[in-house]
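Protein chains: 2
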Amino acid sequence: MNQQYPSLLLERAVGEFSKLPGIGRKTAMRLVLHLLKQDDAMVENFGNAIVTLKREVKYCKVCHNLSDTEVCLICDNPKRDASTVCVVESVRDVMAVEATQQFNGVYHVLGGIISPMDGIGPSDLEIESLVERVKAGGVKEVILALSSTMEGDTTNFYIFRKLAPYDVKISVIARGISIGDELQYTDEVTLGRSIVNRTLFTGNV
Amino acid sequence: MNQQYPSLLLERAVGEFSKLPGIGRKTAMRLVLHLLKQDDAMVENFGNAIVTLKREVKYCKVCHNLSDTEVCLICDNPKRDASTVCVVESVRDVMAVEATQQFNGVYHVLGGIISPMDGIGPSDLEIESLVERVKAGGVKEVILALSSTMEGDTTNFYIFRKLAPYDVKISVIARGISIGDELQYTDEVTLGRSIVNRTLFTGNV
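Listed in order, the protein sequences are those of chains A and B. Quick note on this note's numbering: the first sequence kicks off at 1 and runs consecutively. Quick note on this note's numbering: the second sequence kicks off at 1001 and runs consecutively.
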């Protein structure tokens, strides 16, 4: 006497949803029942958006971000400053930087981070293509925006060495205490670095 | 300088996912990027499962549960006891009862609960069809398994009155302290009811 689904279609849809990360069978059921309550067009759109995305999306040949076309919308946008390249680990990090609305340059997606423990070396990442991009000229500044971890620091250093021969400014995003953090709860490494890397107080926050 | 998606297909897929309840844009992005990493067949299956479900699923004409066919798999299963009908509010409740693996009868899905505050009266629910089902004969027991709320009690009472003329046993699921609960943290109404409705101790748990 096992749990029985009244409908195989329902069982299949719940099964597919529960394959997603962080979604168990209960949540999957909730989502499927929600979709059943929507109108047909909305559900068709949902299904099609996913299938079409997987079928048609490719990687931008300039920055290796996801793209519908040979060159992605960000690289292709004439309003964006192509001379400032922000180096990130993944597509998700591009979205995180975009969400800040503080950056108007372009990106370079490494597709990972140097991590000997996971067997990921420089040749597995889009580092050579970054060097080529700088070599080709037109890039004035490379901003390293990787995670503040051992692997991130290693990757930063590797890229720094690789780009050293070229006339390009290399910067790294600021590390320090988070906005809203209280000093007494900040770990000593972060606090120590934020003292060493203090900036001039200008009255603006 | 708004947040810019590098790909319209990506933006569309994230948008569709974030329409689901409890899924914000960050989670949507995580799910979409996960799907992009899977192979094509898996993603096609996912999209098709949803579209097909919505297009083809119907309601069982006997119990009003979701079904692929005129009569659902539970009603159609000869191993299940069709003389015991468990009355529940929704499809989700059917799955909850099924998950207990303690019930081998069939269901009747009301599609809601009597709630004057929300403008839901008996005629909006599948109560008349329940009466017809009992009237047609073959049902020995109706188990009322609705929520233990004011609305649930009202609906129980309404159904009880409607079924009174017929020769059918009407029972209600036990209410009492939850398994694993400590007495001191149980609310007094539940505790009071569990004392009034005490059962004979047989040594079995």
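The beta carbon of each residue, even a glycine, is placed where N, CA and C say it ideally should be.
I believe residue i touches residue j by the beta-carbon criterion, under 8 Å. Please report the beta-carbon distance rounded to the nearest angstrom.
{"i": "A:Val172", "j": "A:Asn197", "result": "Not a contact, Cβ separation roughly 10 Å."}
{"i": "A:Val43", "j": "A:Arg80", "result": "Contact doesn't hold; Cβ gap of about 36 Å is too wide."}
{"i": "B:Ile1170", "j": "B:Leu1144", "result": "7 Å"}
{"i": "B:Gly1176", "j": "B:Ser1194", "result": "4 Å"}
{"i": "B:Val1071", "j": "B:Val1062", "result": "6 Å"}
{"i": "B:Ile1120", "j": "B:Ile1114", "result": "6 Å"}
For residue i, which option in the options has the closest C-alpha, if you only look at C-alpha atoms?
{"i": "B:Val1097", "options": "A:Gly22, A:Gly180, A:Ile120, A:Pro6", "result": "A:Pro6"}
{"i": "A:Leu125", "options": "A:Val88, A:Gln101, A:Gly138", "result": "A:Val88"}
{"i": "B:Phe1103", "options": "B:Ser1123, B:Ile1074, B:Pro1122", "result": "B:Ile1074"}
{"i": "A:Leu10", "options": "B:Leu1036, B:Leu1035, B:Leu1008, B:Leu1066", "result": "B:Leu1066"}
{"i": "A:Val134", "options": "A:Ala28, A:Ile179, A:Thr84", "result": "A:Thr84"}
{"i": "A:Tyr59", "options": "B:Lys1026, B:Thr1052, B:Ala1041, B:Leu1008", "result": "B:Leu1008"}
{"i": "B:Val1142", "options": "B:Arg1092, B:Glu1151, B:Ile1159", "result": "B:Ile1159"}
{"i": "B:Gly1152", "options": "B:Gly1112, B:Glu1188, B:Ser1178", "result": "B:Gly1112"}
{"i": "A:Leu31", "options": "B:Leu1020, B:Arg1025, B:Asp1076, B:Leu1035", "result": "B:Leu1020"}
{"i": "B:Lys1140", "options": "B:Met1150, B:Lys1162, B:Ala1082", "result": "B:Ala1082"}
{"i": "B:Leu1146", "options": "B:Arg1193, B:Lys1162, B:Arg1092, B:Leu1163", "result": "B:Arg1092"}
{"i": "B:Ser1178", "options": "B:Val1071, B:Thr1190, B:Asp1167", "result": "B:Thr1190"}
{"i": "B:Asp1167", "options": "B:Tyr1185, B:Gly1137, B:Arg1175", "result": "B:Gly1137"}
{"i": "B:Gln1122", "options": "B:Lys1162, B:Gln1184, B:Asn1045", "result": "For the sequence presented, residue 1122 of chain B should be read as Pro rather than Gln. Checking every option, the nearest Cα to that of B:Pro1122 belongs to B:Lys1162."}
{"i": "B:Val1094", "options": "A:Thr100, A:Gln4, A:Ile114, A:Asp118", "result": "A:Gln4"}
{"i": "A:Glu56", "options": "B:Asp1040, B:Val1057, B:His1064", "result": "B:Asp1040"}
{"i": "A:His108", "options": "A:Ser90, A:Gln101, A:Gln38, A:Leu35", "result": "A:Ser90"}
{"i": "B:Thr1199", "options": "B:Gly1119, B:Ala1174, B:Tyr1185", "result": "B:Ala1174"}
{"i": "A:Thr154", "options": "A:Asn45, A:Gln38, A:Pro116", "result": "A:Pro116"}
{"i": "A:Leu36", "options": "A:Gly22, A:Ser18, A:Ile23, A:Val14", "result": "A:Val14"}
{"i": "A:Pro165", "options": "A:Ser18, A:Glu132, A:Gln101", "result": "A:Glu132"}
Taking the beta carbon of residue i as the centre, do at least 16 other beta carbons fall within 10 Å, making it buried, or is it exposed?
{"i": "A:Gly47", "result": "buried"}
{"i": "A:Lys54", "result": "buried"}
{"i": "B:Arg1012", "result": "buried"}
{"i": "A:Asp181", "result": "exposed"}
{"i": "B:Phe1201", "result": "exposed"}
{"i": "B:Glu1016", "result": "buried"}
{"i": "A:Asp68", "result": "buried"}
{"i": "B:Met1029", "result": "buried"}
{"i": "A:Leu110", "result": "buried"}
{"i": "A:Glu188", "result": "exposed"}
{"i": "A:Met1", "result": "Confidence at A:Met1 is low in this model, with a pLDDT of 44, below 50, so the placement of that residue is unreliable and no value is reported for it."}
{"i": "B:Leu1183", "result": "exposed"}
{"i": "B:Ala1049", "result": "buried"}
Closer than 8 Å, Cβ to any Cβ of chain B: which residues of the segment 158-172 of chain A, in chain order?
-> Within the segment 158-172 of chain A, no residue has its Cβ closer than 8 Å to any Cβ of chain B.
Listed in chain order, which residues of the segment 40-57 of chain A have Cβ atoms closer than 8 Å to some Cβ of chain B?
-> Flagged, chain order: Asp40, Met42, Val43, Glu44, Asn45, Phe46, Gly47, Asn48, Ala49, Ile50, Val51, Thr52, Leu53, Lys54, Arg55, Glu56, Val57.
Which ranges would you report for the beta strand (DSSP E) in the segment 48-115 of chain A if only whole runs of at least 3 residues count?
-> Taking only runs of at least 3 residues, the beta strand (DSSP E) segments lying wholly in the segment 48-115 of chain A are 81-88, 105-109.
Cβ-based contacts, 7 Å cut-off: residues of the segment 1082-1101 of chain B near chain A = Result list: Val1091, Arg1092, Val1094, Met1095, Glu1098, Ala1099, Gln1101.
Within the segment 1122-1149 of chain B, ranges of the alpha helix (DSSP H) (whole runs, at least 4 residues) | Counting only runs of 4 or more, we get 1127-1135.
Residues in the segment 1012-1027 of chain B having any Cβ partner in chain A nearer than 7 Å | Under the 7 Å Cβ criterion, the segment 1012-1027 of chain B contributes Arg1012, Ala1013, Glu1016, Leu1020, Pro1021.
Identify each residue in the segment 1126-1145 of chain B for which the Cβ-Cβ distance to at least one residue of chain A is less than 8 Å, and report them in chain order.
-> Residues of the segment 1126-1145 of chain B with a Cβ closer than 8 Å to any Cβ of chain A: none.
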